[in-house]
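Okay, structure first, notes after.
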Amino acid sequence: MVTALRRKLVSVLLTLLFASVMVFAITYLVPGDPAVVVAGEQATPEQIALVRSELGLDDPIVEQYGRFMWGVLHGDLGTSLFTREPVVDIVARTLPRTMELVVAGLVVAIAAGIPLGIAAAMRARTAADGVIRAVSTAGLAIPNFWFGLILVSIFALDWAVLPATGFVSVFDDPVEGLAHQVLPALAIGLTAMAAIARQTRSAMIEVLSADFVRTQRAMGVPARAIVWQHALKNASIPVVTIIGLDISRLIGGAVVVETVFGISGLGGALVSATTQRDFPVVQGVILVVVFLVVIVNLLIDVLYTWLDPRIQGV
Amino acid sequence: MSELASESSTPSETLLDVRNLSLYLDTPDGEVQILDDVSFTVERSTTVGMIGESGSGKSMTALAVLGLLPPRARVTGEIRFRGTDLLAMSRAELARLRGTGISMIFQEPMTALDPVFTIGQQISQVLRSHRRVSRREAREKTIEMLDAVGIPDPARRCGEYPHQLSGGMRQRAMIAMALIGEPELLIADEPTTAVDITIQAQLLDLLETLGRERGTSIMLISHDIGVVAELCRRVVVLYAGQVVEATTTDALLERPGHPYTSGLMWAVPRLGTRRQRLHAIRGRVPQPDQLPTGCRFRPRCDFAVPGCAQPIALAAVGGEGPEHDVRCRRADELDLPGLVHDGAEADAENAPAVQGSGP
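Protein sequence lines, in the order shown, are assigned to chains A and B.
First residue of the first sequence: 745, per the working numbering; consecutive thereafter.
First residue of the second sequence: 190, per the working numbering; consecutive thereafter.
Given below as structure tokens:
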């Protein structure tokens, strides 16, 4: 268990190291010279050269990477080329909104997806099962930004019951926060919900035909306990795997959905930084996202060992 | 619950009375009959064995008694437990009965136990499904029960998962799970098939002891006549969905009335015989949709005569002695070899070639 955990941590560190190299390399892989960006289109070659040396872009690549990593490890992700605002501050301002949105989407996806999957599994091959499967197939096919626009046009414009745009944290104002987050959460959570429902359905169907379910029925364990405790826990491994993948997708999907709902989150920051070629911001934001995804995956692996005692360590 | 309790005080000594049980399964090719007019009884505090090859309908009979048949099964007849017909019970009543009235253990304890819950959790959940007890009390009772089924260091084992136990220990844990609700009838479906022969003997001893101490009736399902003979006072032999013979174990071993039963006995390899020739029954159990007319064993039987193609009912044979029912036209004229003669075991040498299918 301990050695397995250690091995896992080593692989996490290697992943992060690799990601940092890729993120650092963005400066060179993406067209556009940061020095030109900073100095402006009208700048003379001398001015550009000056900026280049100021930014340290003349130094050997290894030295530049070392300086980049040194900063990262000390919590310094550089400063925006335009606003001179530290990237760490930009992340600190936008990340909580994105995370709140991702968590809200995840809550919607899990709270609806798992019961739908169970309901379909228990009525397998009936009309109700067919409806749930059709809905989840549609859910996987519908792009979340389009679904978001539909939601806005119905609930915000036609019926005017919910706000169309903007962001209020539920921690600042629970009522307003919920009102602002319902539609984005639905939009962002739809795909994940569909994926979770499908996975839950197939896993539950398999588990409910297992021998141990028959044993428990033979010994008088109530159906409710068999389904919600035993079958669900046994079915949870593939479902948790899907949820782990969905979290990564939700973080990615947030970028688009934030734009639809006018939420200035991490996604918005990334999009504007990319169009402006604000390399330090792009690098910082991507690094933070990679870090989050890696952490989520690590937590999922730890969760596996708790869910299935047969898995010897992560 | 109170209704059931009052039923149990009836003077009848018959605990389970299965009468004319027929079972049909809905298949893509139409309905297929799996059990045909199966009748047998289990008396209070006794042991009954049910023998037959795979596909004979043993497990289906057990599942029918528990009301755990697949939805595509249709049942006719009566299954009376403590005088009440189980087939007329509601789902909820049946669920209450399972675990406290009738319980069942299964063949493969690795898959028959939930892999992601500890055995302690699984056993105490059965108890808590039936009785209002606190978690602590349930845990104490679970440890007691694990101790009673011979699991060493029960307090520690309680917190272990099925994969951490040996096959024999898992089966003991399942027995504990089945008995913690104090059922009056325990159905054991091939409980020793998946374990080593030494463990098998221990488990049979354990079942015998627990049954005697707790007054639990046991219905043991097995393809192995030796296992049944070890534990059971009475035996029911099933072939292709029909009871072909029912009597006491002693009578069966001494003088089997049906060629199939006799064949089953001589098909079992034994130690201590000088010649190791086995008398296999030729052919295989017919598919339920391809049953021969008349006696279903006829195509595999060496004693078949043209009259065997006529339908044949289960009928008493002998006269004096224990009741002995056989479904064979020639039961009275055939003198089939049993395994025991005047208390001594027969050996292979004086075993007549029952099935005649020598090398």
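We treat Cβ as the ideally placed atom computed from N, Cα and C, and that holds for glycine.
Name the two residues that bound the continuous alpha helix (DSSP H) containing residue i.
i, result
"B/Asp394", "Ile386 to Arg403"
"A/Ser880", "Ala871 to Ala885"
"B/Val416", "Ile414 to Leu420"
"A/Leu1014", "Leu1010 to Gln1020"
"B/Asp524", "First-last for B/Asp524: undefined, no H or E at that position."
"B/Met299", "Pro298 to Ala301"
"A/Ala783", "Pro778 to Ala783"
"A/Ile894", "Asn888 to Leu895"
"A/Tyr809", "Ile805 to Leu817"
Taking C-beta pairs closer than 9 angstroms, name the residues in chain A that residue i reaches, listed in chain order.
i, result
"B/Val315", "Gln960, Met963, Gly964 and Val965"
"B/Thr289", "Gly964"
"B/Glu326", "Here the premise fails: no neighbours, minimum Cβ distance about 18 angstroms."
"B/Glu297", "Asp955"
Determine the burial state of residue i: buried for a count of at least 16 other Cβ atoms within 10 Å of its Cβ, exposed for fewer.
i, result
"B/Arg485", "buried"
"A/Phe762", "exposed"
"B/Glu192", "Confidence at B/Glu192 is low in this model, with a pLDDT of 43, below 50, so its placement is unreliable and the value that follows should be read with caution. Exposed."
"A/Thr1019", "exposed"
"A/Leu758", "exposed"
"A/Val919", "exposed"
"B/Leu205", "buried"
"B/Thr216", "exposed"
"A/Asn978", "buried"
"B/Ala542", "Because B/Ala542 carries a pLDDT of 45, less than 50, the predicted location of this residue cannot be relied on, and the following value inherits that uncertainty. So B/Ala542 ends up on the exposed side."
"A/Glu1002", "buried"
"A/Val912", "buried"
"A/Val905", "exposed"
"B/Gln311", "buried"
"B/Glu202", "exposed"
"A/Val816", "buried"
"A/Tyr772", "exposed"
Are the CB atoms of residue j and residue i within a distance shorter than 7 angstroms?
i, j, result
"A/Gln943", "A/Val971", "no"
"B/Ala429", "B/Val474", "yes"
"B/Cys141", "B/Pro526", "A question about residue 141 of chain B goes unanswered here, because the residues of chain B that appear run from 190 up to 548."
"B/Ser292", "B/Ala377", "no"
"A/Met948", "A/Ala853", "no"
"B/Ser211", "B/Gly272", "no"
"B/Val221", "B/Asp413", "no"
"B/Arg328", "B/Ser313", "yes"
"A/Thr1024", "A/Val831", "The residue asked about is misnamed: residue 1024 of chain A is Pro in this sequence, not Thr. A contact, by the Cβ cut-off of 7 angstroms."
"B/Val417", "B/Phe229", "no"
"B/Cys347", "B/Ile369", "no"
"A/Ala871", "A/Arg945", "no"
How big is the Cα-Cα spacing for residue i and residue j?
i, j, result
"A/Val754", "A/Ala779", "36 angstroms"
"A/Phe899", "A/Leu893", "10 angstroms"
"A/Phe915", "A/Trp1050", "31 angstroms"
"B/Gly357", "B/Gln389", "8 angstroms"
"B/Ala362", "B/Lys330", "13 angstroms"
"B/Gln296", "A/Leu845", "50 angstroms"
"A/Pro887", "A/Met843", "20 angstroms"
"B/Ala365", "B/Ala337", "8 angstroms"
"B/His468", "B/Gly446", "17 angstroms"
"A/Ala855", "B/Glu379", "42 angstroms"
"B/Arg359", "B/Pro298", "6 angstroms"
"B/Arg518", "B/Val432", "14 angstroms"
"B/Glu232", "B/Ile407", "9 angstroms"
"B/Thr482", "B/Glu242", "20 angstroms"
"B/Glu522", "B/Phe492", "11 angstroms"
"B/Gly415", "B/Leu409", "12 angstroms"
"B/Val384", "B/Leu420", "17 angstroms"
What are the start and end residues of the beta strand (DSSP E) that includes residue i?
i, result
"B/Ala262", "Ala262 to Phe270"
"B/Thr203", "Thr203 to Thr216"
"B/Thr436", "Gln431 to Thr437"
Closer than 7 angstroms by beta-carbon distance: list the chain A residues that pair up with residue i, in chain order.
i, result
"B/Met293", "Ala962"
"B/Met366", "Met963"
"B/Ala284", "Gly964 and Pro966"
"B/Leu255", "Ala962"
"B/Gly339", "Residues of chain A passing the Cβ test: none, with the nearest at roughly 20 angstroms."
By the criterion of Cβ-Cβ separation under 8 angstroms, what are the contact partners of residue i in chain B?
i, result
"A/Asn888", "Within chain B, no residue comes near A/Asn888; the closest Cβ sits about 33 angstroms away, beyond 8 angstroms."
"A/Ala947", "Ordered by position in chain B, no residue passes the 8 angstroms Cβ test against A/Ala947, which lies about 13 angstroms from the chain."
"A/Ala969", "Gln314 and Ser318"
For residue i, go through chain A and note every residue whose CB falls closer than 8 angstroms to its CB, in chain order.
i, result
"B/Pro304", "Phe956, Asn978, Asp1052, Pro1053 and Arg1054"
"B/Tyr350", "Pro1053 and Arg1054"
"B/Thr300", "Ala954, Asp955 and Phe956"
Mind pulling the chain B residues with CB within less than 9 angstroms of residue i?
i, result
"A/His974", "Asp303, Val305, Phe306, Gln311 and Gln314"
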